[in-house]
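A.B. asks: Would you mind keeping the following structure in view while I ask a few things?
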Amino acid sequence: MCYQFVELYSACRCLYYQSAIDRCSAYGQPGHKIQQRTIYVGYACSSHSGPCDADLYINTDINTDSDIDTGRETDSSAASTVSTELTIPEGIKEDTVETLLHDLLVEPDLQYLWPQLVGFSGTKYLARRIIANLLRLYSQDLRQEGQSTFKVKASRFIRSRRYQIARHIVNHHEVEIREASVKPEALETQAADDVAEQPIEAEVEEDEETEAEDDEDEGRGVLYPEIHEFLFCSISFQNFKASIKLVVASSSLIESHTSVFTSMINSSQTHFRNLYDRLSEPPTNPKFARIRWTCGCGRKIYDDFTETRPDSAKDLKTFIDNYRSPNLSMSPMKDPLQVDDDESQSSNPNPQRNRFIVSELLRAIKNAFQAQRPGKLPKEEPGDSGLDVSGCSSTLEGAGQGPNHNFLILCIPFMRWGIKAHQPDVCRVRSDRDFFKLLRATHSEHNASHRWKGLRRVSAIDFVQFEIFRNELVNICSSASMPGAQAQAEYEYEPSDTDPPIGTNMLLHLFENPDHADVLPILFRRFPKKKLRRLQACSQKGYSVGWGVQFVESLNGYAIFICGCIGFALCLLTSILWTVLKNDVQGGFAVGAFVLTFFLFISSALRYAVF
Numbered sequence: 068m069c070y071q072f073v074e075l076y077s078a079c080r081c082l083y084y085q086s087a088i089d090r091c092s093a094y095g096q097p098g099h100k101i102q103q104r105t106i107y108v109g110y111a112c113s114s115h116s117g118p119c120d121a122d123l124y125i126n127t128d129i130n131t132d133s134d135i136d137t138g139r140e141t142d143s144s145a146a147s148t149v150s151t152e153l154t155i156p157e158g159i160k161e162d163t164v165e166t167l168l169h170d171l172l173v174e175p176d177l178q179y180l181w182p183q184l185v186g187f188s189g190t191k192y193l194a195r196r197i198i199a200n201l202l203r204l205y206s207q208d209l210r211q212e213g214q215s216t217f218k219v220k221a222s223r224f225i226r227s228r229r230y231q232i233a234r235h236i237v238n239h240h241e242v243e244i245r246e247a248s249v250k251p252e253a254l255e256t257q258a259a260d261d262v263a264e265q266p267i268e269a270e271v272e273e274d275e276e277t278e279a280e281d282d283e284d285e286g287r288g289v290l291y292p293e294i295h296e297f298l299f300c301s302i303s304f305q306n307f308k309a310s311i312k313l314v315v316a317s318s319s320l321i322e323s324h325t326s327v328f329t330s331m332i333n334s335s336q337t338h339f340r341n342l343y344d345r346l347s348e349p350p351t352n353p354k355f356a357r358i359r360w361t362c363g364c365g366r367k368i369y370d371d372f373t374e375t376r377p378d379s380a381k382d383l384k385t386f387i388d389n390y391r392s393p394n395l396s397m398s399p400m401k402d403p404l405q406v407d408d409d410e411s412q413s414s415n416p417n418p419q420r421n422r423f424i425v426s427e428l429l430r431a432i433k434n435a436f437q438a439q440r441p442g443k444l445p446k447e448e449p450g451d452s453g454l455d456v457s458g459c460s461s462t463l464e465g466a467g468q469g470p471n472h473n474f475l476i477l478c479i480p481f482m483r484w485g486i487k488a489h490q491p492d493v494c495r496v497r498s499d500r501d502f503f504k505l506l507r508a509t510h511s512e513h514n515a516s517h518r519w520k521g522l523r524r525v526s527a528i529d530f531v532q533f534e535i536f537r538n539e540l541v542n543i544c545s546s547a548s549m550p551g552a553q554a555q556a557e558y559e560y561e562p563s564d565t566d567p568p569i570g571t572n573m574l575l576h577l578f579e580n581p582d583h584a585d586v587l588p589i590l591f592r593r594f595p596k597k598k599l600r601r602l603q604a605c606s607q608k609g610y611s612v613g614w615g616v617q618f619v620e621s622l623n624g625y626a627i628f629i630c631g632c633i634g635f636a637l638c639l640l641t642s643i644l645w646t647v648l649k650n651d652v653q654g655g656f657a658v659g660a661f662v663l664t665f666f667l668f669i670s671s672a673l674r675y676a677v678f
């Protein structure tokens with residue numbers, strides 16, 4: 068058999084090198100073909116090495132004449148023909164999948180979304196099915212968006228490799244799955260119910276390979292450099308990320324499930340604070356720019372900012388308005404575990420993507436209730452909040468990056484007048500929700516021993532510069548302060564053109580309601596974090612200067628209002644009972660007034676006990 072090697076540029080497929088034909092004894096006979104092996108090298112030739120275009124020119128006209136033959140004669144007879152079919156070796160295709168998988172794992176947003184999606188799914192099976200179906204919808208949108216043949220091939224490639232990609236993503240974040248924390252004594256009770264609900268791992272993988280077998284041929288003939296820009300720079304990819312955000316956000320509705328009574332209390336508290344802010348709102352200072360923001364729960368918030376750059380307040384207003392507002396226009400899916408490979412579905416798109424999100428939410432609700440039944444997954448302790456402060460995140464490990472050991476310095480009130488620094492490790496923070504839950508957990512842990520903590524509340528969260536001493540007590544130097552250029556080597560944060568970078572009232576609302584925050588670390592990036600090691604006092608001076616966040620506490624106005632209403636109701640009830648029992652209206656209300664006066668006196672004295 069005759070052999071010939073052809074080397075092509077991997078991006079444009081222009082000819083790089085064509086070897087001479089290694090002839091056999093049957094060379095030149097009628098019907099005898101030459102076996103050609105194609106090898107892809109480099110990226111693009113000099114003619115196609117300019118800016119990457121979505122429609123890359125692929126050269127299929129390969130000169131098969133033996134112009135570069137080393138002295139060997141060529142037969143001009145048409146009897147021997149050369150096969151010019153371009154084939155991609157199996158190793159090249161595997162490299163394409165690995166490169167795509169690496170880019171999906173280290174993508175700036177997806178590297179934080181994947182572990183959350185895998186974690187709340189509960190099982191590897193459900194996580195793989197959800198990710199595979201999200202990739203299938205992504206491929207359908209790519210096909211609708213792409214017009215050229217190469218774009219259609221890109222969508223088919225994603226579709227054919229969706230199970231392989233999903234399996235690798237789940238395996239990469241396997242540690243996040245909550246079923247790993249099942250107690251040994253609960254396994255026997257759980258197995259009886261789970262065996263009827265979900266197949267075993269071997270059957271799942273065999274089922275996935277069978278379902279993907281029909282699509283395997285659709286992904287052939289695709290090289291990753293050709294489709295990279297189309298995959299990651301298209302509108303479909305933005306919708307793909309938005310859909311993952313919505314699926315992850317739905318998990319908070321399960322974890323933060325509250326009773327009807329608690330919901331009524333929260334709603335009344337929101338209306339009370341909105342009314343109080345409306346009546347007590349000061350006039351706008353000409354030196355500041357006031358920005359308003361309305362949370363999804365109905366809480367209306369305003370903050371004042373100082374502009375360090377012209378029109379920076381407008382940019383911040385746009386940034387806040389887009390916070391937790393994903394734009395989604397993908398096609399629907401009936402159920403997250405239902406795989407419908409009918410191609411007619413992609414040809415009849417439906418913009419009502421909410422059906423898919425609702426189905427994902429229902430599936431998550433089902434898993435949550437299963438986890439809370441006897442013999443199922445143990446419930447997390449309230450104080451744990453699902454965060455290991457001292458642990459390291461596995462989000463970036465294995466993807467070419469290591470965990471960043473950063474420490475956020477929190478200045479929390481200590482005893483009556485002091486302020487003490489606490490420096491939790493924030494390398495496990497993957498979202499704003501995790502961050503604000505960490506703030507609440509740290510503040511509650513170091514404020515739990517206070518006698519009147521029910522009447523105290525955090526009234527402000529400020530960015531401050533301080534001096535830390537050897538006993539970890541701090542002295543606040545200035546408020547609304549961020550590290551300067553001289554401290555950027557020691558602190559990591561995202562610069563902002565406003566002072567403060569985030570409004571105090573907005574931070575306070577998200578601190579009290581972490582589930583209202585985003586599933587990406589958007590606001591978290593703006594906080595100054597100490598790099599590498601915790602801040603310590605200088606051994607010579609006895610103190611060091613640092614930057615962090617201060618918790619300012621005050622009386623809980625809503626709690627005082629409720630206590631006042633209860634006290635007034637008790638005084639009124641006392642007056643009515645005295646009037647009915649003694650038949651003395653004047654004496655009854657005199658006693659009620661005396662009780663009310665004594666109640667106000669006790670409340671005033673309690674003020675000094677709280678602070």
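Each residue of the sequence shown is one higher than the last, beginning at 68 in the numbering used here.
Heads up, the beta-carbon is just placed ideally off N, CA and C, and yes, glycines get one too.
Shortest alpha-carbon distance to Ser347 belongs to which of Tyr369, Gly363 and Thr361?
C.D. replies: Sequence index remark: in the sequence shown, residue 347 carries index 280 (1-based). Checking every option, the nearest Cα to that of Ser347 belongs to Tyr369.
A.B. asks: Using only alpha-carbon positions, find the residue among Phe474, Gln207, Leu667 and Asn542 that is nearest to Cys638.
C.D. replies: Reading the sequence shown from its first residue, position 571 is the one you call residue 638. Closest by alpha carbon: Leu667.
A.B. asks: Count the other C-beta atoms from every protein chain shown that fall within 10 angstroms of the C-beta of Arg210, then say buried if there are 16 or more, exposed otherwise.
C.D. replies: What you label residue 210 is simply residue 143 of the sequence shown in a count that begins at 1. Flag for Arg210 reads buried.
A.B. asks: What is the C-beta distance between His513 and Val525, in whole angstroms, given that I count them as a contact (C-beta under 8 Å)?
C.D. replies: Working through the sequence shown from its first residue, we reach residue 513 at position 446. Working through the sequence shown from its first residue, we reach residue 525 at position 458. Rounded, the Cβ-Cβ distance is 12 Å, inconsistent with contact.
A.B. asks: Could you give the DSSP three-state label for Gln532: helix, strand or coil?
C.D. replies: By one-based count along the sequence shown, residue 532 stands at place 465. Strand at Gln532.
A.B. asks: Going by beta carbon distance, what residues of the same chain come within less than 6 Å of Ile633, once the five residues before and after it are set aside?
C.D. replies: For the purposes of this step, residue 633 is identified with residue 566 of the sequence shown, where counting begins at 1. Nothing listed; no residue qualifies.
A.B. asks: Which stretch, first to last residue, makes up the alpha helix (DSSP H) that contains Tyr205?
C.D. replies: Here residue 205 corresponds to residue number 138 of the sequence shown, with the count starting at 1. Residues Lys191 to Glu212.
A.B. asks: What residue range does the alpha helix (DSSP H) around Phe355 cover?
C.D. replies: Counting from 1 along the sequence shown, the entry for residue 355 is found at position 288. Taken as a continuous stretch (DSSP letters only), Phe355 belongs to no alpha helix (DSSP H), as it is neither H nor E.
A.B. asks: Do you know how far the Cα of Glu212 is from the Cα of Glu293?
C.D. replies: Here the question's residue 293 lines up with position 226 in the sequence shown. Here the question's residue 212 lines up with position 145 in the sequence shown. Distance between the alpha carbons of Glu293 and Glu212 is about 16 Å.
A.B. asks: I need the DSSP call for Thr361, collapsed to helix, strand or coil.
C.D. replies: Here the question's residue 361 lines up with position 294 in the sequence shown. Three-state DSSP puts Thr361 in a strand.
A.B. asks: Between Gly485, Ser606, Pro562 and Tyr675, which has its C-alpha nearest Arg537's C-alpha?
C.D. replies: One-based indexing of the sequence shown puts residue 537 at position 470. That would be Ser606, whose Cα lies nearest to the Cα of Arg537.
A.B. asks: Please report the straight-line C-alpha distance between Leu201 and Ser310, rounded to a whole angstrom.
C.D. replies: Stepping through the sequence shown from its first residue, residue 201 is reached at position 134. Stepping through the sequence shown from its first residue, residue 310 is reached at position 243. Rounded to whole angstroms, Leu201 to Ser310 spans 8 Å at the Cα level.
A.B. asks: What is the DSSP secondary structure of Phe628, reduced to helix, strand or coil?
C.D. replies: By 1-based counting over the sequence shown, the position of residue 628 is 561. The answer is helix: DSSP assigns Phe628 an H, G or I state.
A.B. asks: Which residues mark the beginning and the end of the beta strand (DSSP E) in which Asn542 is found?
C.D. replies: The sequence position of residue 542 within the sequence shown is 475, counting from 1. Run containing Asn542: Val541 to Ser546, per the beta strand (DSSP E) assignment.
A.B. asks: Suppose you measure from the CA of Gln71 to the CA of Thr166; what does that come to, to the nearest Å?
C.D. replies: Counted from its first residue, the sequence shown places residue 71 at position 4. Counted from its first residue, the sequence shown places residue 166 at position 99. Roughly 29 Å between the two C-alpha positions.
A.B. asks: Suppose you measure from the CA of Cys300 to the CA of Arg376; what does that come to, to the nearest Å?
C.D. replies: Here residue 300 corresponds to residue number 233 of the sequence shown, with the count starting at 1. Here residue 376 corresponds to residue number 309 of the sequence shown, with the count starting at 1. Roughly 30 Å between the two C-alpha positions.
A.B. asks: Considering just the uninterrupted stretch of the beta strand (DSSP E) at Phe372, what are its terminal residues?
C.D. replies: Counting from one through the sequence shown, the residue named residue 372 turns up at place 305. Residues Lys367 to Glu374.
A.B. asks: How should Arg228 be labelled, buried or exposed, when 16 other C-beta atoms within 10 angstroms of its C-beta is the threshold for buried?
C.D. replies: If you number the sequence shown from 1, residue 228 lands on position 161. That one is buried.
A.B. asks: Give every residue of the same chain whose Cβ lies closer than 7 Å to the Cβ of Ala547, excluding the five residues on either side of it in the sequence, and list them in chain order.
C.D. replies: Along the sequence shown, read from residue 1 onward, the residue named residue 547 stands at position 480. Correct list, in chain order: Asp529, Phe530, Asp566 and Pro567.
A.B. asks: With Trp614 as the anchor, note down where its alpha helix (DSSP H) starts and where it stops.
C.D. replies: Along the sequence shown, one-based indexing puts residue 614 at 547. That residue, Trp614, is in no alpha helix (DSSP H); its beta strand (DSSP E) goes Tyr610 to Leu622.
A.B. asks: By the three-class DSSP mapping on this structure, what secondary structure does Tyr675 have?
C.D. replies: Taking the first residue of the sequence shown as position 1, residue 675 is located at position 608. Note: Tyr675 maps to helix in three-state DSSP.
A.B. asks: Would you kindly check if the distance between the Cβ of Val315 and the Cβ of Val586 is under 9 Å?
C.D. replies: Locating residue 586 in the sequence shown gives position 519, where the first residue counts as 1. Locating residue 315 in the sequence shown gives position 248, where the first residue counts as 1. Contact flag set, yes.
A.B. asks: Can you grab the Cα-Cα spacing for the pair Gly631 / Phe307, in whole Å?
C.D. replies: Within the sequence shown, residue 631 is the residue found at index 564, counting from 1. Within the sequence shown, residue 307 is the residue found at index 240, counting from 1. About 51 Å.
A.B. asks: In whole angstroms, give me the CA-to-CA distance for Ala356 and Trp519.
C.D. replies: Walking along the sequence shown from the start, residue 356 turns up at place 289. Walking along the sequence shown from the start, residue 519 turns up at place 452. Distance between the alpha carbons of Ala356 and Trp519 is about 37 Å.
A.B. asks: Could you check the C-alpha separation between Leu644 and Phe665 for me, to the nearest Å?
C.D. replies: Within the sequence shown, residue 644 is the residue found at index 577, counting from 1. Within the sequence shown, residue 665 is the residue found at index 598, counting from 1. Taking the straight line from one Cα to the other gives about 18 Å.
A.B. asks: Closer than 6 Å by C-beta to Asp371: which residues in its own chain qualify, once you throw out the five before and the five after it? Chain order, please.
C.D. replies: Locating residue 371 in the sequence shown gives position 304, where the first residue counts as 1. Counting only Cβ-Cβ distances below 6 Å, and skipping sequence neighbours, we find Phe355 and Arg357.
A.B. asks: Report yes or no: do three or more beta-carbon pairs, one from the region 330–345 and one from the region 358–368, lie closer than 8 Å?
C.D. replies: yes
A.B. asks: Which runs of the beta strand (DSSP E), 3 residues or longer, sit entirely within the region 489–524?
C.D. replies: none
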